[in-house]
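Asker: I have a structure here, written as structure tokens, and I will follow up with some questions on it.
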Amino acid sequence: MNRSDLLVEVRDLDYAVDGRAIFKGLNLQAERGRITAIMGPSGTGKTTLLRLLMGAIHPQGGSVRFFGAEVPQLGRAALYGLRRRVGMLFQNGALLTDLSVFENVAFPLREHLRLPEPLLRRLVLMKLQAVGLRGAATLMPSSLSGGMARRVALARAIVMDPEVIIYDEPFVGLDPISMGVVVRLIQSLNQTLGITSLVVSHDVREISAIAHQTYLLSEGAVVAAGTPDSLRATAAPVVEQFMNGLPDGPVPFHYPAPDYHQQLLRDPA
Amino acid sequence: MNRLWQWPAAALRNAGRVSLFLLQVLAQCLPALRHPREVMLQVYNSGARSLIIIMLCGLFVGMVLGLQGYDLLQRFGSESSLGVAAALGLIKELGPVVTALLFAGRAGTSLTSEIGLMRATDQLTAMEMMAVDPVRRVVAPRFLGGIIAVPLLTAIFNCIGIFGAQLVGVGLMGVESGSFWSQMQGAVQLGDVNEGLIKSICFGVACSLMAVYEGFHTEPTAAGVGLATTRTVVSSAVLILVIDYMLTAAFL
């Protein structure tokens, strides 16, 4: 594989908060033009990984390369330059609540470019059409459903024509129909526009249907990597537990606690 | 002994953080002025929307000043100087201070909770990820809006206050209208007006800074937003009164 095809390359990443290790020697990469999924149980630091990628926080060790640049070493201007090439979809959409749907999508254009109003209008309407919400352009974010808000956020994420889109838990809290819509949108953005996609999710079924490459994180490191099918065939207990949604296994059902009987008997009733 | 030092150390640390944030905001003020509409919107939001409460309070403060001033001055038989007393009291002291306190309560709190909620709902992070500096886009226009609004509100407060004092002094207590106005005109100097103006600008900076600082550094929870709003009012009020003493001493 050509090195320039690697858009994201994470090597031996170490990151700890207050002495608690989140990542210990994490390795993963995302290729240009493909959908890469990062899965794992809640609390494994998937969102933290995205923040490291975007340079919002700095790792203690290892290397994070994005577009071939070492992210932690970028200055503010270079970091902002990198972010302009990346669209990001937040878990809850993170729409600006004081702006209408149209202005939310127009926001990056207005901030970064000086476009004549008719052109800007056309661009925004095209992106809204792509997510099926051209008719909702005048609504305020407060009157949108969760699924609609996420589609508007997606339109905003693609309005600057990014090379990469990062999706942070794009399926959480959506009804089956909205979920299907978002899955199809991610796939069609990847296929028709060739946008590289990085999807962080724990919805195994949805993500398996569209991902080219999957990483399964657990306890700060990649425990399995490969195509969704090869992952499903893996016999490792933690992979099996996650892919099949078993309540107890290597990832315990109980948070670490003192002995149950002892505690019940000792506590005054 | 260790604990004894904790409180002043924390206070000093906070003061340092606020000062650094002020520098950060000041650096973004000029870029923010390139979008004058955004600043104007904030002058409207925090200024024009505080107008009613400022006018109402100004009227009553002026009326009280009329009554108290009359009571005090007539003991020396100089009730005809009521106009001077009311005008100087308002322009130099009560106008800037009361307006700033009201502004902190009315507009400062809403600035803090607005920015705090933007923090809590990831809107500020989203801006950062879109390569838009939230300090320039969100904080600086609100800060500037506050600085512009407070002196304007103070001027309105003063005018209405003087009108209120005249209403009570002349209308109710029977001070002669001519001496009320002419003595005021003769005694109030441009320096007095400037003193009030400088005070109100400083208060505007203090209130707006505390409001945007607390909002920007809100802990992203419901309780965090509430706490930040409370802190805005308390720290603004203390800061206003401390600055007021220092400026008054400096002008004497």
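Residue numbers (our numbering), protein chains in the order written: chain C, 2 to 270; chain X, 14 to 265. Where a beta carbon is used, it is the ideal one built from N, C-alpha and C, also for glycine. The structure displayed is predicted, hence computed values, not measured ones.
Out of curiosity, what's the CA-to-CA distance linking Leu14 (chain C) and Val255 (chain X)?
Answerer: 50 angstroms
Asker: For Val252 (chain C), which residues in the same chain have their Cβ closer than 8 angstroms to its Cβ, ignoring the five residues on either side in sequence?
Answerer: Pro42, Ser219, Val239, Gln242, Phe243
Asker: What does Asn93 (chain C) reach in chain X if we use C-beta pairs closer than 9 angstroms?
Answerer: Thr134, Asp135
Asker: Give me whichever residues DSSP pairs with Gly88 (chain C) in a beta bridge.
Answerer: C:Ile166
Asker: Looking at the unbroken beta strand (DSSP E) that takes in Phe216 (chain X), where does it start and where does it end?
Answerer: From DSSP, Phe216 (chain X) is part of no beta strand (DSSP E) but of the alpha helix (DSSP H) over 203 to 229.
Asker: Do Leu199 (chain C) and Val173 (chain C) have their beta-carbon atoms positioned less than 8 angstroms apart in this structure?
Answerer: no
Asker: Taking Phe156 (chain X) as part of the alpha helix (DSSP H), name the residues at either end of that continuous run.
Answerer: 153 to 179
Asker: What are the residues in the segment 37 to 59 of chain C lying within 8 angstroms of chain X by C-beta distance?
Answerer: Met55, Ala57
Asker: Verify whether the separation of the beta carbon atoms of Leu182 (chain X) and Tyr57 (chain X) is less than 8 angstroms.
Answerer: It is worth fixing the name first, because residue 182 (chain X) is Gly in this sequence and not Leu. No, Cβ-Cβ distance for Gly182 (chain X) and Tyr57 (chain X) is not below 8 angstroms.
Asker: Identify the continuous beta strand (DSSP E) that holds Lys25 (chain C) and give its terminal residues.
Answerer: 21 to 32
Asker: Beta-carbon of Met2 (chain C) versus every beta-carbon of chain X: anything under 8 angstroms?
Answerer: Residue placement at Met2 (chain C) cannot be trusted, given a pLDDT of 48 that sits under 50; what the coordinates show is reported in the next sentence. Answer no: the Cβ-Cβ gap between Met2 (chain C) and chain X never drops below 8 angstroms.
Asker: Our contact map puts Ser93 (chain X) next to Ser192 (chain X) with C-beta atoms below 8 angstroms; I'd like the distance itself, whole angstroms only.
Answerer: That belief holds up - the Cβ atoms of Ser93 (chain X) and Ser192 (chain X) are roughly 4 angstroms apart, short of 8 angstroms.
Asker: Measuring straight from C-alpha to C-alpha, what distance separates Ala24 (chain X) and Ser248 (chain X)?
Answerer: 12 angstroms
Asker: Helix or strand or just coil, what does DSSP make of Gln214 (chain C)?
Answerer: strand
Asker: Need the endpoints of the beta strand (DSSP E) that Tyr16 (chain C) sits in, please.
Answerer: 7 to 18 is the extent of the beta strand (DSSP E) around Tyr16 (chain C).
Asker: Please decide whether Leu97 (chain C) counts as near chain X, where near means a Cβ-Cβ distance under 8 angstroms.
Answerer: yes
Asker: Roughly how many angstroms separate the alpha carbons of Ser209 (chain C) and Leu120 (chain C), rounded to a whole number?
Answerer: 38 angstroms
Asker: By Cβ distance, which residues of its chain are closer than 6 angstroms to Gly62 (chain C), with the 5 residues on each side in sequence left out?
Answerer: Asp15
Asker: Please state if the CB of Gly88 (chain C) and the CB of Ile159 (chain C) are separated by a distance shorter than 8 angstroms.
Answerer: yes
Asker: For Val145 (chain X), go through chain A and note every residue whose CB falls closer than 7 angstroms to its CB, in chain order.
Answerer: Although the question refers to chain A, the structure presented lacks it and instead comprises the protein chains C and X.
Asker: Do the segment 55 to 73 of chain X and the segment 153 to 173 of chain X touch if we need at least three Cβ pairs shorter than 8 angstroms?
Answerer: yes
Asker: So, is Thr243 (chain X) buried or exposed, given that buried needs 16 or more other C-beta atoms within 10 angstroms?
Answerer: exposed
Asker: Bridge partners for Met40 (chain C) per DSSP, in chain order?
Answerer: C:Ser202, C:Leu217
Asker: Within 10 angstroms of the Cβ of Tyr168 (chain C), are there 16 or more other Cβ atoms? Answer buried if so, exposed if not.
Answerer: buried
Asker: Can you give me the C-alpha to C-alpha distance between Phe103 (chain C) and Pro117 (chain C), rounded to a whole angstrom?
Answerer: 16 angstroms
Asker: Could you give the distance in angstroms between the alpha-carbon of Ala100 (chain X) and the alpha-carbon of Ala113 (chain X)?
Answerer: For Ala100 (chain X) and Ala113 (chain X), the distance between alpha carbons rounds to 18 angstroms.
Asker: Name, in chain order, the residues that DSSP records as bridge partners for Ala225 (chain C).
Answerer: C:Leu217
Asker: Using a 10 Å radius around the Cβ and a threshold of 16 neighbouring Cβ atoms, would you call Arg152 (chain C) buried or exposed?
Answerer: buried
Asker: Whole-angstrom Cβ separation of Arg35 (chain C) and His213 (chain C), contact assumed at under 8 angstroms?
Answerer: 4 angstroms
Asker: To be precise: take each residue of the segment 9 to 32 of chain C, compare its Cβ to all Cβ atoms of chain X, and keep it if any distance is under 9 angstroms. Which residues remain?
Answerer: Correct list: empty, as no residue qualifies.
Asker: Contact defined as beta carbons within less than 8 angstroms: I believe Thr197 (chain C) pairs with Ala31 (chain C). What is the distance between those atoms, to the nearest angstrom?
Answerer: About 7 angstroms separates the two Cβ atoms, so the contact holds.
Asker: For Arg84 (chain C), which residues in chain X fall below 8 angstroms Cβ to Cβ?
Answerer: What Arg84 (chain C) touches in chain X: Glu141, Met142, Met143, Ala144.
Asker: For Asn105 (chain C), count the other beta carbons within 10 Å of its own beta carbon; 16 or more makes it buried, fewer makes it exposed. Which is it?
Answerer: With 16 or more other Cβ atoms within 10 Å, it is buried.
Asker: Under the assumption that Pro164 (chain X) contacts Ser213 (chain X) (Cβ atoms under 8 angstroms), give the Cβ distance between them as a whole number of angstroms.
Answerer: 4 angstroms
Asker: Counting only beta-carbon separations shorter than 8 angstroms, does Thr122 (chain X) have a partner in chain C?
Answerer: no
Asker: Assign Gly62 (chain C) to one of three DSSP states: helix, strand, or coil.
Answerer: strand
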